[in-house]
Ligand SMILES: [Zn+2]
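In my numbering, the protein residues as written are 5 to 343.
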């Protein structure tokens, strides 16, 4: 593994230092974050781009609207990080990432989450020149956003199992027992750090970044993200499709982990305990969906992955039955009671 692939700098007051070190920045962010952080940018030679969509067709035109910058900084959450990748790729300039919350691992992922008519697809291939983790900024982020980051760690519980199944059936995503074992260790550590994560404290935030980084390095080396992105993501994508809503990533992914760990018969109670301790609210009203929406998302899961040509996972290997759905929905409502 090449450690240089994802150089991460940890510290405080990093935004001023970074932007002072070079001229001609394109900063990809959003108006709320910019309002909060612009005082830390003393550099005049900057251009700003406020991201509003990741629809591929729209973004292909958007990236032509500005020029003359020599590097791009993604400053924000997942959308800013992903839009910054598109800008840096289109203009072939270095990419810097400074997440303002750890809600998703987009700032480390070499692929970009774009949407085609609202359905997410992961594509592209770009590495950041540097990732800056500023604890002053991250500790000020709304707690639920950093908590959401737990989703893309917990997803490894179900995704790594899907990976095992996938590797038995296809030749495209070679299985690696060592990485599988490391995933289990990461989940142990996640349990240990959960208290600090829930309190939005530096050791917890540092652990999330470290774990994201290890995941990203393996994924880059393996040239796939199978072991971090599996059936749990499929459940939430299907729920998005059915309801037309966009969810807080970690919340919806954890919901997917809840159901798919049971469907896989894979460490389900471990998943339940980690989700409960994370304080991520995965009850229907927190997601603003109904039990019936979730029921439909499960009942149509087999069909959804076929229609969307999503890579092979438990969703292809095993049929979802109405009987199982009712059983697990009853358990879900016991594990996460309303009110
Ligand atoms: Zn994810």
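We treat Cβ as the ideally placed atom computed from N, Cα and C, and that holds for glycine.
Asked, Found
"N- and C-terminal bounds of the beta strand (DSSP E) containing residue 132", "From DSSP, residue 132 is part of no beta strand (DSSP E); its letter is neither H nor E."
"Distance cut-off 7 Å: residue 180 Cβ against heavy atoms of ligand 1", "no"
"Buried versus exposed call for residue 337 [16 or more other C-beta atoms within 10 Å across all chains shown]", "exposed"
"Cβ contact check for the region 58 to 73 and the region 84 to 93: 3 or more pairs under 8 Å", "yes"
"Any non-hydrogen atom of ligand 1 within 7 Å of residue 118 CB", "no"
"Minimum length 4: unbroken alpha helix (DSSP H) runs contained in the region 74 to 141", "82 to 95"
"Opening and closing residue of the alpha helix (DSSP H) in which residue 13 lies", "Per DSSP, residue 13 belongs to no alpha helix (DSSP H); it is in the beta strand (DSSP E), 12 to 15."
"Contiguous alpha helix (DSSP H) assignments of at least 4 residues, all confined to the region 276 to 318", "288 to 291, 295 to 303, 305 to 311"
"Neighbour-count burial assignment, residue 10, 16 or more Cβ in a 10 Å radius", "buried"
"Check whether residue 297 and residue 252 have beta carbons under 8 Å apart", "no"
"Heavy atom of ligand 1 within 7 Å of residue 129 beta-carbon", "no"
"Backbone secondary structure at residue 231 - three-state DSSP", "coil"
"Element boundaries [alpha helix (DSSP H), containing residue 347]", "Residue 347 lies beyond the stretch modelled for the chain, which goes from 5 to 343, so this question has no answer here."
"Strand pairing of residue 51, partner residues [DSSP]", "30"
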